[in-house]
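Chains as they are written, first to last, in the working numbering: chain F, 3 to 202; chain D, 5 to 476.
Please read the structure below before turning to the comments.
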Amino acid sequence: MTITGRAVALRGEDVDTDRIMPARFLRAVSFDGLEAHVFEDDRRAEAAAGARHPFDDPARAGAAVLLVNRNFGCGSSREHAPQALARWGVRAIVGESFAEIFFSNATALGVPCVSVRPDAVRDLMALVERDAAAIVSVDLEGLTVRGGGIDAVCTMPAAARGAFLAGTWDATALLTADFDAVRAAAARLPYVSGFRPARA
Amino acid sequence: MGSTLLGKVWDLHTVRRLPTGQTQLLVGLHLVHEVTSPQAFDMLRLRGQAVALPDRTFATVDHIVPTDGQARPFADGMAEQMMAALERNCREFGVPLFGLESDDQGIVHVIGPELGLTQPGMTIACGDSHTSTHGAFGAVAFGIGTSQVRDVLASQCLAMDPLKVRRIMVSGALEPGVYAKDVILAIIRTLGVQGGVGFAYEYAGPVVDRMTMDERMTLCNMSIEGGARVGYVNPDGTTVAYLKGRRFAPAGDAFDRAAAWWRSIASDPDAAYDDEVLVDGGGLRPMVTWGTNPGQSAAVDERVPGPADVAEPERAAVADALAYMGLEAGRHIEGTRVDVAFIGSCTNGRLSDLQEAARVVRGRRVASHVRGLVVPGSKRVRDAAEREGLHEVFREAGLEWRQAGCSMCLAMNPDRLQGREVCASSSNRNFKGRQGSPTGRTLLMSPAMVAAAAVAGEVTDVRRLLRHTEGS
Ligand code: SF4
Numbered sequence: 003m004t005i006t007g008r009a010v011a012l013r014g015e016d017v018d019t020d021r022i023m024p025a026r027f028l029r030a031v032s033f034d035g036l037e038a039h040v041f042e043d044d045r046r047a048e049a050a051a052g053a054r055h056p057f058d059d060p061a062r063a064g065a066a067v068l069l070v071n072r073n074f075g076c077g078s079s080r081e082h083a084p085q086a087l088a089r090w091g092v093r094a095i096v097g098e099s100f101a102e103i104f105f106s107n108a109t110a111l112g113v114p115c116v117s118v119r120p121d122a123v124r125d126l127m128a129l130v131e132r133d134a135a136a137i138v139s140v141d142l143e144g145l146t147v148r149g150g151g152i153d154a155v156c157t158m159p160a161a162a163r164g165a166f167l168a169g170t171w172d173a174t175a176l177l178t179a180d181f182d183a184v185r186a187a188a189a190r191l192p193y194v195s196g197f198r199p200a201r202a
Numbered sequence: 005m006g007s008t009l010l011g012k013v014w015d016l017h018t019v020r021r022l023p024t025g026q027t028q029l030l031v032g033l034h035l036v037h038e039v040t041s042p043q044a045f046d047m048l049r050l051r052g053q054a055v056a057l058p059d060r061t062f063a064t065v066d067h068i069v070p071t072d073g074q075a076r077p078f079a080d081g082m083a084e085q086m087m088a089a090l091e092r093n094c095r096e097f098g099v100p101l102f103g104l105e106s107d108d109q110g111i112v113h114v115i116g117p118e119l120g121l122t123q124p125g126m127t128i129a130c131g132d133s134h135t136s137t138h139g140a141f142g143a144v145a146f147g148i149g150t151s152q153v154r155d156v157l158a159s160q161c162l163a164m165d166p167l168k169v170r171r172i173m174v175s176g177a178l179e180p181g182v183y184a185k186d187v188i189l190a191i192i193r194t195l196g197v198q199g200g201v202g203f204a205y206e207y208a209g210p211v212v213d214r215m216t217m218d219e220r221m222t223l224c225n226m227s228i229e230g231g232a233r234v235g236y237v238n239p240d241g242t243t244v245a246y247l248k249g250r251r252f253a254p255a256g257d258a259f260d261r262a263a264a265w266w267r268s269i270a271s272d273p274d275a276a277y278d279d280e281v282l283v284d285g286g287g288l289r290p291m292v293t294w295g296t297n298p299g300q301s302a303a304v305d306e307r308v309p310g311p312a313d314v315a316e317p318e319r320a321a322v323a324d325a326l327a328y329m330g331l332e333a334g335r336h337i338e339g340t341r342v343d344v345a346f347i348g349s350c351t352n353g354r355l356s357d358l359q360e361a362a363r364v365v366r367g368r369r370v371a372s373h374v375r376g377l378v379v380p381g382s383k384r385v386r387d388a389a390e391r392e393g394l395h396e397v398f399r400e401a402g403l404e405w406r407q408a409g410c411s412m413c414l415a416m417n418p419d420r421l422q423g424r425e426v427c428a429s430s431s432n433r434n435f436k437g438r439q440g441s442p443t444g445r446t447l448l449m450s451p452a453m454v455a456a457a458a459v460a461g462e463v464t465d466v467r468r469l470l471r472h473t474e475g476s
């Protein structure tokens, strides 16, 4: 599985999901239209300061690869954050590291998050900031991220990678395959069976 | 070699190894709220699936509920729509709901323990990152996203990667005026906001052993702010005593059998850990955050650090945080003016939190420029506080006494900061814009410290007020 396309760099450590998707946009019963509000408060703040947020740069519209720094997606478990990124067009995220719940949420949506060394993030960010048309490719099979002469090794937890390669990142089918086994496991738990006496 | 609680609970709940190498883990208790569930129920409907084990699933409403007027329909149309969606989903899928009309409504992480739903040895999942709170009981409890909520609804299971265990020993004894909130803020400051990624945190040592269940919940609640999806305390006599007589706890002989089982799943004395950390509990002081993540904190008598005080990779982040907060490096954090005081949330909205805050404000007045809100974590907390007259203490001090809910912790309801207001808050996140204003500023601290800040109109060392209270 390889994701190839233009990229957008989003600088900053510990970017939390409140920033990716401010809470007021969680006031909804569907995920539709969230992409319009991704990083909304940061975008407004940049605009007010006379600068331009990368997500407001027309040359970045529809970029498939998002480049980030350390501990991306920390904080709230809101899936609205990766949903908005995916709906905006992001199909893979490359960064130094990811918060755990964000990583699982993105995985469940079919958006792989791969880790590369800080210097590789720096080089990739410099590349795409210099050249908006630069093509970056994320290869899960070969565990590499390539672009503009950069060839970086990336890592991903084996199980999540296995799920992507097998096409089973949407775990529902696997988890619902054998409900008898689930029932049997539940029945073995003393708190499910009401702490009955051992010999009853 | 013995096992950790995490290892034992994990094994007990393993249904099978998935072909991907992940574990299919059974979820013993699934808690649901209105914000992260509507899309999951819709996906279920779309696929024609039922809720697999509706009797292991419970719902409540907390994030969007107004904390002043709660008459239906809500004044806020979107809140009403979300509330109605949860009611309809629970009815349609047979999930019990502790709704607004129920005496048991409240923040999901407050009511689970309160009702005795949360028990040792369980796996607990909820579409909310602070699910780690329930680890206080020796449960393995973690937050999930909406697609995973759908998976748990449909299968009662999750596909999980294994976790390592870091034991954090807190030695000594806490000084008066130093609380569980200060312990966890200090831990996060030391280990960092991503130090816990890949780990479950096991909290142990004399300070944790002596903590009440409320305090252990505060500790475990903020594990996620340190990057750890799971935090837990081994069940002991305190845990068992808390659960006795709770509505969903076993009764009679079954309770004794349960208690024996609960104790048996605690980590063995010779368990092996992937990492161990020691914290000197006796040396801790009240903590206050100065930055825009929960790891950026200082003791109340310390100075705000600057970019020069940290290593290179942190410098830009510190400069950015100080610019946002409008704080100056090198100044004491004490004396920082506050506009708003918020006492509540799943971190510190329990009865003992309100008692401590009331102890500080009793007989005092909130500074005239401060707007103060006290929001109990649940209706039961609210009722218990009123039976003790705490609402009168707060009102006489000039604080508003509200209905139960998440309120200004994340401001999905009308309780919000305005503009660049500075809020002394007993909640768990000081992210930019977290409390409802894109430029609002949050200082995290214990409820007693919030009460002290409300009275002084600025960040102040609660230990001074407490000494005065004690002496009078
Ligand atoms: S109180 Fe705050 S952190 Fe806790 S569940 Fe509610 S919104 Fe989330």
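Here a beta-carbon is modelled for each residue, glycine too, at the ideal position from N, C-alpha and C.
Owing to the predicted nature of the structure, the values given are computational and were not obtained by experimental measurement.
Let me check one thing: in DSSP terms, what residues is Ile-347/D bridge-paired to? Val-378/D
Taking a cut of 9 Å between CB atoms, which residues from the stretch 33-50 of chain F lie near chain D? Phe-33, Glu-42, Asp-43, Asp-44, Arg-46, Ala-47
Beta-carbon proximity list for Leu-22/D, same chain, < 7 Å, skipping 5 on both sides: Gln-28, Ala-163
Residue of Ala-94/F, Gly-64/F, Ile-103/F minimising C-alpha distance to Gly-202/D: Ile-103/F
Which stretch, first to last residue, makes up the alpha helix (DSSP H) that contains Gln-152/D? 150-159
Less than 7 Å separating the Cβ of Leu-414/D from some heavy atom of ligand 1? yes
How would you label Lys-248/D, buried or exposed, when you count the other beta carbons within 10 angstroms and need 16 or more for buried? Exposed, since its Cβ has fewer than 16 Cβ neighbours within 10 Å.
So, does the stretch 268-283 of chain D touch the stretch 393-409 of chain D, judging by three or more C-beta pairs under 8 Å? no
Candidates Ala-362/D, Asp-343/D, Met-82/D, Arg-354/D: closest to Ala-371/D by CA position: Asp-343/D
Euclidean distance between Cα positions of Asp-180/F and Asn-73/F: Asn-73/F has its alpha-carbon roughly 35 Å from the corresponding atom of Asp-180/F.
Report yes if the C-beta distance between Ala-264/D and Pro-254/D is below 8 Å; otherwise report no. no
Beta-carbon separation (whole angstroms), Cys-76/F vs Gln-198/D, contact threshold 8 Å: In this structure Cys-76/F is in contact with Gln-198/D, their Cβ atoms being roughly 7 Å apart against a cut-off of 8 Å.
With DSSP as the reference, label Lys-383/D as helix, strand or coil. Three-state DSSP puts Lys-383/D in a helix.
Length of the line joining the Cα atoms of Gly-27/F and Phe-166/F: One detail in the question is off: residue 27/F reads as Phe in this sequence, not Gly. Phe-27/F and Phe-166/F: Cα-Cα distance of roughly 29 Å.
Could you confirm whether any beta carbon from chain F is found closer than 8 Å to the beta carbon of Thr-150/D? So, interface residue.
Members of the stretch 13-45 of chain D near chain F, C-beta cut-off 8 Å: Leu-16, His-17, Thr-18, Val-19, Arg-20, Leu-22, Pro-23, Thr-24, Gly-25, Gln-26, Gln-28, Leu-30, Gly-32, Val-39, Thr-40, Pro-42, Gln-43
Rank Phe-252/D, Val-174/D, Leu-90/D by C-alpha distance to the C-alpha of Gln-123/D and give the top, closest one. Phe-252/D
Do Met-173/D and Leu-282/D have their C-beta atoms within less than 8 Å of each other? yes
What are the boundary residues of the alpha helix (DSSP H) that Lys-168/D is part of? It is not in any alpha helix (DSSP H) - Lys-168/D instead sits in the beta strand (DSSP E) that spans 168-175.
At a Cβ cut of 7 Å, what residues of the stretch 119-134 of chain D count as close to chain F, listed as they run along the chain? Gln-123, Gly-125, Met-126, Gly-131, Asp-132, Ser-133
Which runs of the beta strand (DSSP E) at least 3 residues long sit entirely within the stretch 36-88 of chain F? Give them in chain order. 67-69
Can at least three beta-carbon pairs, one atom from the stretch 175-192 of chain D and one from the stretch 296-312 of chain D, be found at a separation below 8 Å? yes
Cβ closer than 8 Å: which chain D residues qualify as neighbours of Pro-24/F? Those within 8 Å of Pro-24/F in chain D are Gly-437, Pro-442.
Would you verify that the beta carbon of Ala-168/F is, or is not, closer than 8 Å to some beta carbon of chain D? At least one chain D Cβ lies under 8 Å of Ala-168/F.
Kindly confirm or deny that the stretch 423-441 of chain D and the stretch 384-403 of chain D touch, where touching means at least three C-beta pairs closer than 8 Å. no
CA-CA distance, Val-211/D and Asp-18/F? 31 Å
Within the same chain, show all residues whose beta-carbon is closer than 6 Å to that of Ala-455/D, passing over the 5 residues directly before and after it, in chain order. Ala-361, Val-364, Val-365
Beta-carbon neighbours of Phe-57/F, restricted to chain B and to distances below 8 Å: Absent from the structure: chain B. Protein chains present are F and D.
Are the Cβ atoms of Gly-256/D and Thr-127/D separated by less than 8 Å? no
For Arg-307/D and Asp-480/D, the rounded distance between their alpha carbons: Residue 480/D lies beyond the range of chain D shown here (5 to 476); nothing can be said about it.
Starting from the C-beta of Trp-171/F, find all residues in its chain whose C-beta is less than 6 Å away, skip the five residues before and the five after it, and write them out in chain order. Only Thr-109, Gly-112, Ala-165 meet the Cβ criterion.
What does Glu-280/D pair with, by DSSP beta-bridge criteria? DSSP, once it has assigned bridges, lists Arg-171/D as partnering Glu-280/D.
So that I know if they touch, is there some Cβ in chain D lying closer than 8 Å to that of Glu-102/F? yes
Minimum length 3: unbroken beta strand (DSSP E) runs contained in the stretch 283-365 of chain D: 291-293, 301-303, 344-347
Relative to the C-alpha of Ser-429/D, which candidate in Glu-96/D, Arg-171/D, Gly-147/D, Met-291/D has its C-alpha closest? Met-291/D
Are the C-beta of Thr-464/D and some C-beta of chain F separated by less than 8 Å? no
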